[in-house]
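K.L.:
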Ligand SMILES: [Zn+2]
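Numbering (the working numbering), first residue to last: 49 to 248.
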């Protein structure tokens, strides 16, 4: 059975109506909260700028690494939840299908309109996003970028592959690394994330 992304999105949206007193949303085995995109973007991009030109690469690597670790732990929690068992698992025929399940959850979380363009098992994953909030936020705040700016989605793309092909949790994080060759923040029509095996 193919993965019905809309069914997953509706389940997340329905479930996210339940909030604890502090606004925490307990859903799919993890704790979620509503967060200001503008604030998150400013934290990321101002951190990068404060690190200066000489340490820009280091700042970007840290932001991607943080996103990958977070994505790895978060989606491990999600795929071990009862909601996943109930809603997503019946649609999964082979382990690769989990990636479509992950992207549908990410769409429902408001991370963008993630679309899996290509998956070569244990080798390569290509995800395209036309409305990344990081690219949009960057363009609103600064001049056109010289390189990709969607560090969160870049880390998350790597994490998806880590969870499927990186071996047993929690030792598989960073088995894969993702690049962002195309990004709306640098004038491309959409953002493209390509994950492949990490060099080391
Ligand atoms: Zn981008």
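Quick reminder that beta carbons are idealized off the backbone N, C-alpha and C, glycines included.
Could you check which residue in 123, 113, 190 and 69 has the C-alpha nearest to that of residue 226?
P.N.:
When each option's Cα is compared against that of residue 226, the closest is 113.
K.L.:
Among 198, 209, 218 and 229, which residue has its Cα nearest to the Cα of residue 172?
P.N.:
Among 198, 209, 218 and 229, the Cα nearest to that of residue 172 belongs to 209.
K.L.:
Does DSSP put residue 140 in a helix, a strand or coil?
P.N.:
In the structure shown, residue 140 sits in coil (DSSP, three-state: anything other than H, G, I, E or B).
K.L.:
For residue 242, which of helix, strand or coil comes out of DSSP?
P.N.:
DSSP places residue 242 in strand when its eight states are reduced to three.
K.L.:
Where residue 180 and residue 83 are concerned, what is the direct C-alpha to C-alpha distance, given to the nearest angstrom?
P.N.:
Rounded to the nearest angstrom, the two C-alpha atoms are 15 Å apart.
K.L.:
Closest to residue 143 by CA distance: which of 155, 170 and 134 is it?
P.N.:
For the residues 155, 170 and 134, the minimum Cα distance to residue 143 belongs to 170.
K.L.:
Examine the Cβ distances between the segment 204 to 218 and the segment 135 to 142 and report whether three or more of them are shorter than 8 Å.
P.N.:
Output reads no: the segment 135 to 142 does not touch the segment 204 to 218.
K.L.:
Got a sec, what are the start and stop residues for the alpha helix (DSSP H) residue 118 sits in?
P.N.:
Segment 104 to 127, the alpha helix (DSSP H) holding residue 118.
K.L.:
Which stretch, first to last residue, makes up the alpha helix (DSSP H) that contains residue 193?
P.N.:
Per DSSP, residue 193 belongs to no alpha helix (DSSP H) and is neither H nor E.
K.L.:
Look at the alpha carbon of residue 154 and the alpha carbon of residue 218, and state the distance between them as a whole number of angstroms.
P.N.:
The straight-line gap from Cα to Cα measures roughly 21 Å.
K.L.:
Would you kindly work out how many angstroms separate the C-alpha atoms of residue 104 and residue 196, rounded to a whole number?
P.N.:
Those two C-alpha atoms are separated by around 13 Å.
K.L.:
In the DSSP assignment, find the alpha helix (DSSP H) that holds residue 82 and state where it starts and stops.
P.N.:
No alpha helix (DSSP H) contains residue 82, which DSSP labels as neither H nor E.
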